[in-house]
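Notes to accompany the following structure.
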Amino acid sequence: MVSVVVLVCAYVLIWGAWKVFDWVWWKPKRLERYFREQGIEGPSYKLIHGNLKENTVATEEAKAKPIENFSRHFIAPRVLPFLHQIVEKYGKLSLFWVGGIPRVNVMDPDLVREVLSNKFGHFTKMRPNPLSKLFISGLASYNGEKWARHRRIINPAFHQEKLKVPMILYEVLRLYPPVTFLMRYTDKPMKLGEINLPSGVLIGLPILLIHHNRDIWGEDAEEFNPERFSGGISKAAKYKSAFFPFGWGPRICIGQQFAIMEAKIALTMILQHFSFELSSTYVHAPHWSLTLQPQHGAQVVFHKL
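Note that the numbering used here has the sequence shown beginning at 3, numbered continuously upward.
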């Protein structure tokens, strides 16, 4: 009897040790080889944390250095420093590791559209952990039929026929998108373009990097030029899907029309009564914290007309 118990305990220990080994090392290294064979490179997987430590170090270093030139709109090295380094070194189709989970970064507008236009739910949003559900619940976090039902209910409240958005707001949203990247998750083996993706892979869509890409927007991609939208969004860049500050496809942000209308009204009311300029104390230090925002605030001086 004792020998049977010992054998069972030994089996459980060996099985548990193998599962841990597979989770923290064997599976990530196997996936690393799998993606490398498809030409998708990135920094090597590190035990347990993946590349999270490098990401943290790069972020802290970037936050300590504000951008000296206010007119410089190329903010990616400061807002998404680690991702920017990866794209510069490994290309626009690359990966890095969030713990033991690979995150494939996709910057091809056609592939971005394919991911965001997927109507079958195979590229899903990240599943929130139990703690997140206590604070974040609603349309943005729903999937499947639950999302479709709530979208149908809420949609009429945010719709406005023939809403015309000024070119200047489009250009601001291009250079400074409120959400700097979107994440999707494969819940089954998928094929994205020529890429084979196993289940359990993160798909990163770096909005900020795509919005600043010279191959898409031209040599003046880092400059503030509202005239690029004079012919509408479809003619502003080489790809229609290259501009997506509120997402794309069936899961595009339902409040986008309301947000833009609110910005138009606020700007109109201010300009009717005030002129304004940046304060001399303003430090140009955009950073990402849930949304893109000024790290030290935006000090603005208003002058009554």
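Note that CB positions come from ideal geometry on N, CA and C, so glycine has one too.
Computed from a predicted structure; not experimentally measured.
Where does residue i sit, in a helix, a strand or coil, going by DSSP?
i           : result
residue 109 : coil
residue 126 : strand
residue 182 : coil
residue 25  : helix
residue 5   : helix
residue 96  : strand
residue 117 : helix
residue 212 : helix
residue 45  : coil
residue 102 : coil
residue 218 : helix
residue 170 : helix
residue 16  : helix
residue 31  : helix
residue 199 : strand
residue 190 : coil
residue 204 : strand
residue 223 : coil
residue 75  : coil
residue 39  : coil
residue 161 : Because residue 161 sits at a pLDDT of 45, beneath the cut-off of 50, its placement in the model cannot be relied upon, and the following sentence gives the value as read from the coordinates. Residue state, collapsed to three classes: coil.
residue 307 : coil
residue 85  : helix
Would you call residue i buried or exposed, if buried means 16 or more other Cβ atoms sit within 10 Å of its Cβ?
i           : result
residue 133 : Model confidence at residue 133 stands at a pLDDT of 46, short of 50, so the residue's coordinates are unreliable; what they give is reported in the following sentence. Exposed is the call here.
residue 182 : buried
residue 283 : exposed
residue 293 : exposed
residue 315 : Missing from the structure shown is residue 315; the chain here goes from 3 to 307 and no further.
residue 35  : exposed
residue 6   : exposed
residue 186 : buried
residue 245 : buried
residue 71  : exposed
residue 288 : buried
residue 22  : exposed
residue 10  : exposed
residue 270 : exposed
residue 59  : exposed
residue 276 : exposed
Quick check: the Cα distance between residue i and residue j, rounded to an integer number of angstroms?
i           : j           : result
residue 279 : residue 84  : 32 Å
residue 115 : residue 303 : 41 Å
residue 216 : residue 14  : 56 Å
residue 255 : residue 249 : 6 Å
residue 202 : residue 117 : 15 Å
residue 156 : residue 257 : In this prediction, residue 156 scores a pLDDT of 48, lower than 50, which makes its location untrustworthy; no coordinate-derived value is stated.
residue 234 : residue 205 : 29 Å
residue 178 : residue 81  : 10 Å
residue 211 : residue 93  : 12 Å
residue 306 : residue 231 : 31 Å
residue 272 : residue 198 : 51 Å
residue 43  : residue 37  : 7 Å
residue 223 : residue 20  : 50 Å
residue 219 : residue 31  : 37 Å
residue 300 : residue 28  : 47 Å
residue 12  : residue 106 : 38 Å
Does residue i come within less than 8 Å of chain D when only Cβ atoms are used?
i           : result
residue 109 : You won't find chain D in this structure, because it holds only one protein chain.
**Q.** Any alpha helix (DSSP H) of 4 or more consecutive residues that is wholly inside the segment 49-73
**A.** Every alpha helix (DSSP H) of 4 residues or more that sits fully in the segment 49-73 is shown, in chain order, as 54-65.
Q. Counting pairs of beta carbons, one from the segment 6-25 and one from the segment 62-77, are three or more of them closer than 8 Å?
A. No, they do not touch.
Q: Would you check if the segment 43-51 and the segment 92-109 touch, i.e. whether three or more CB-CB distances between them fall below 8 Å?
A: Contact between the segment 92-109 and the segment 43-51 is established, with three or more Cβ pairs separated by less than 8 Å.
Q: For the segment 229-305, list the beta strand (DSSP E) runs that are entirely contained and at least 3 residues long, ordered along the chain.
A: Secondary structure within the segment 229-305: the beta strand (DSSP E) runs of 3 or more consecutive residues, fully enclosed, are 276-280, 288-291, 293-296 (chain order).
Q: Would you check if the segment 103-113 and the segment 229-246 touch, i.e. whether three or more CB-CB distances between them fall below 8 Å?
A: Three or more Cβ pairs closer than 8 Å define a contact, and the segment 229-246 meets that threshold against the segment 103-113.
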